[in-house]
Amino acid sequence: MARDLADTWMVVLRDDQRTDTAKMGPLRRMANWGGPVAAIYPTGPGLFLDYRTPAAELLAIILQERPAYLITFPSLLRELLHESQSSGRRPQRLREVRTTGEALAPELRELTLNAWGGDSENPLRVTEFYSSAENGIIAAPCRERNALHVQAEGVRLEILRADGSPCEPGEEGRVVLTSLHNFAMPLIRYEIGDRAVAGPPCACGRTLPVLAAIPGRARDMLTLPDGRRRFPYYAHNTIMQVGAIVQHQVAQTARDEVEIRLVVRRPLTAAEEAHIVTAATQGLGGGHRVRLAYRTEIPRQASGKFAEFTNEFENPPAAPR
């Protein structure tokens, strides 16, 4: 799918130019899409929407501005989808939703297409960019296929088994990077804590290496009562059937205990609480005690990313200074 560079591009991330949130509105207008695209091609207007705004207001601005292209974190996208479904309002004219900074779960891709998908003549595309603060863009989506091409001209990416040997297509392993353009601070075989699945050569014909999936960061894995570790599947969609939930976070606080932190619009009923605990217990595999904890806010990390699951049993949070 070719992009129409004359249309509107919107980024929903943290805007560090918004230094006073009390006096400055969340939306910043730009003459173009910004670098590097606008340095080469003339483009339409760009919009920067600061995420430090309630989801309802973010969605209202998106509805008003009607961007064709939207880029944000998967966790922010999930909040926007939840607000959209709760309010019955959905963006119009969207051609592409692109995520960055966090792993895009297959269920979130499907949810986005179901909730915001266009018609047969103007289908919505959901794409994922894989990047890191240390290296920049690592992999970009194929234009013809649902694959991520490693940008091998600028980075050497290895997916390794536990013994250090390279993974075959279809195997999941740890990501190790060597930057080919960072001369000030070389990063050689730098393990960034991510997990990825190696992919076969892409049918598009490009010879760049392929990532089949990026399940998430290794430090965000769930520890099972017997000591094994896996990615934290916890029946997210079933839990979010409770419409009063504004935001949630799942935290493993002990080897056999998980805490679900909730920000809610109203007090939950006993039946709703039981629904959440039962769904999460079954989703986690039945080996963890699940308890609920209510919060007025669940803050994002300093980078703007949101830890939907955090393993505080293995990685205790730093003590406040």
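Per the working numbering, the sequence shown runs over residues 132 to 452.
Beta carbons are placed, not taken as given, at the ideal position from N, Cα and C, and that holds for glycine.
Spatially closest choice to residue i from the options, by CA coordinates
i	options	result
G156	G324, D147 and I370	D147
D357	T309, G416, P340 and R287	G416
G267	V381, L242, E210 and L308	L308
G347	T427, E284, A234 and N446	A234
L158	A170, V168, P176 and G166	P176
Q372	A411, T354 and R361	A411
L311	A327, T427 and V286	V286
A385	T427, I345, R326 and E443	E443
G165	A191, T409 and A137	A137
A283	R337, E252, P297 and A236	R337
A366	E188, L190, A236 and A401	A236
E299	V328, L318 and M316	V328
L353	P317, I319 and E390	E390
Q380	D387, A293, L225 and V421	V421
R292	E322, M316, E428 and S263	E322
L318	D387, I407 and A264	A264
A402	Q383, A153 and I370	I370
F440	L190, T150 and P363	P363
A393	L423, V306 and Q195	Checking the sequence shown, residue 393 turns out to be Leu, not Ala. Ranking L423, V306 and Q195 by Cα distance to L393 puts L423 first.
I429	S206, T139 and P167	S206
D387	P398, R397, I407 and R359	R359
Close-in-space but distant-in-sequence residues of the same chain around residue i (CB under 8 angstroms, 5 per side omitted)
i	result
E227	M132, R134, A199, Y200, L201, L255, R256, V257 and T258
V281	I269, A270, L288, L339, P340, V341 and L342
N163	A169, P173, T174, G175, P176 and G177
R462	Residue numbering for the chain in the displayed model covers 132 to 452; residue 462 lies beyond these limits and cannot be assessed.
V395	A375, I376, V377 and Y425
I193	M141, V143, L180, L201, L211 and P222
L208	V228, T230, L239 and T243
Cβ distance (whole Å) where residue i is taken to contact residue j below 8 angstroms
i	j	result
G330	A278	6 angstroms
G301	I290	About 11 angstroms separates the two Cβ atoms, so there is no contact after all.
A187	E214	6 angstroms
R197	R160	14 angstroms between Cβ atoms; not a contact.
Contacting residues, own chain, Cβ-Cβ under 6 angstroms from residue i (five flanking each side not counted)
i	result
C273	H280, C333 and C335
G295	none
T203	V143
A344	V328
Buried versus exposed call for residue i [16 or more other C-beta atoms within 10 Å across all chains shown]
i	result
P447	exposed
N368	exposed
F314	exposed
Y261	buried
T400	exposed
R326	buried
D351	buried
Q454	With the chain covering only 132 through 452, there is no way to say anything about residue 454.
S218	exposed
A153	exposed
G418	exposed
I171	exposed
Cutoff 7 angstroms; reference residue i; Cβ partners in own chain excluding five residues on either side
i	result
A405	none
Q383	L353, T354, V389, N442, E443 and F444
> Does the count of Cβ pairs from the segment 174 to 182 and the segment 132 to 143 closer than 8 angstroms reach three?
Replying inline: Yes, since at least three Cβ pairs between the segment 174 to 182 and the segment 132 to 143 fall closer than 8 angstroms, the two stretches touch.
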